[in-house]
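Novice: Shown below is the structure under consideration.
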Amino acid sequence: MTVSHDFISALPWKGLAKGLSILLVSAAFLAGCGEQANTGAALNETEQKYEKEVTLSGTVSDQKGPVTKGRILATDEKGNIISSATLENTNRYSLVIPAGTLLPILLQVHTEAEPQTGKPLTLAVAEATMTNYNINPLTTAIAEKAKSMGGYTRKNLMAAAVLSTSVPDEDKTSSGFRGDPTKNYGGWH
Numbered sequence: 001m002t003v004s005h006d007f008i009s010a011l012p013w014k015g016l017a018k019g020l021s022i023l024l025v026s027a028a029f030l031a032g033c034g035e036q037a038n039t040g041a042a043l044n045e046t047e048q049k050y051e052k053e054v055t056l057s058g059t060v061s062d063q064k065g066p067v068t069k070g071r072i073l074a075t076d077e078k079g080n081i082i083s084s085a086t087l088e089n090t091n092r093y094s095l096v097i098p099a100g101t102l103l104p105i106l107l108q109v110h111t112e113a114e115p116q117t118g119k120p121l122t123l124a125v126a127e128a129t130m131t132n133y134n135i136n137p138l139t140t141a142i143a144e145k146a147k148s149m150g151g152y153t154r155k156n157l158m159a160a161a162v163l164s165t166s167v168p169d170e171d172k173t174s175s176g177f178r179g180d181p182t183k184n185y186g187g188w189h
């Protein structure tokens, strides 16, 4: 079977080749556009703020147990103080946050032990509906991880919480396990 030269030249090859090259150049150009640094801001996260005055409360503890002396500061991300409270002979705190305060805010506990640790215990607040927060070394690790992921967004805080918690090494395997395997790690999943 032979195909005539006139039939092949009548096909729109030239237009197809031109369109294909424009498509490839556009794709290469757009692929290079995604090289900006991740700002960490999620497109679907809306700006939150406290519509009314709210009282945040909870407890403070460190590696040794309850922290009963110290100063708690509520600040914005730039370090501007929004509210403060003092811990005296109790590890329970209460902070009044004014209406209109934009989230996220940081709750930082400055203690006498801070010179040894080099940093305050910290908790990042990115959810306006919650008012009870316990501040401890884990919340500090979560806040630090979220900041390194691009900021204190709800999405980053949730991811940081997952990354900051771990299973002890001795619980990661079942080697040496003697018993019912359906009960190990809470049973079959």
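Numbering follows full-length UniProt numbering, in which position 103 of the sequence shown is assigned residue number 103; successive positions increment by one, without gaps. The beta carbon of each residue, even a glycine, is placed where N, CA and C say it ideally should be.
Could you say which of ALA85, ALA141, LYS49 lies nearest to GLY100 if we only look at CA atoms?
Specialist: As a working mapping, residue 100 is identified with position 100 in the sequence shown. Per the Cα distances, LYS49.
Novice: Which residue spans inside the stretch 110-174 form an unbroken beta strand (DSSP E) run of at least 3?
Specialist: Within the stretch 110-174, the complete beta strand (DSSP E) runs of at least 3 residues are 121-125.
Novice: How would you write the range of the beta strand (DSSP E) that VAL96 sits in, first residue to last?
Specialist: Numbered from 1 along the sequence shown, position 96 holds the residue referred to as residue 96. VAL96 -> beta strand (DSSP E) spans 92-97.
Novice: May I ask you to report which of helix, strand or coil DSSP gives THR104?
Specialist: Walking along the sequence shown from the start, residue 104 turns up at place 104. The amino acid at residue 104 is misidentified as Thr; the sequence shows Pro. If DSSP states are grouped into helix, strand and coil, PRO104 belongs with coil.
Novice: State the DSSP-derived secondary structure class of SER21, mapped to helix, strand or coil.
Specialist: Counting from 1 along the sequence shown, the entry for residue 21 is found at position 21. Residue placement at SER21 cannot be trusted, given a pLDDT of 48 that sits under 50; what the coordinates show is reported in the next sentence. In the structure shown, SER21 sits in a helix (DSSP, three-state: H, G or I).
Novice: Identify whether GLU88 lies in helix, strand or coil by the three-state DSSP scheme.
Specialist: One-based indexing of the sequence shown puts residue 88 at position 88. GLU88 falls in the strand class under three-state DSSP.
Novice: Note down the Cα distance separating ARG92 from ASP62, rounded to an integer number of angstroms.
Specialist: Against the sequence shown, residue 92 aligns to sequence position 92. Against the sequence shown, residue 62 aligns to sequence position 62. Roughly 13 Å separates the two Cα atoms.
Novice: If I follow the unbroken beta strand (DSSP E) through LYS52, where does it start and stop?
Specialist: Within the sequence shown, residue 52 is the residue found at index 52, counting from 1. Looking at the DSSP string, LYS52 is not in any beta strand (DSSP E), and its letter there is neither H nor E.
Novice: Under the rule that 16 or more other beta-carbon atoms within 10 Å means buried, what is ILE135, buried or exposed?
Specialist: Counted from its first residue, the sequence shown places residue 135 at position 135. Burial call: buried.
Novice: Under a three-way DSSP split, which group does GLY79 fall into?
Specialist: Counting from 1 along the sequence shown, the entry for residue 79 is found at position 79. GLY79 falls in the coil class under three-state DSSP.
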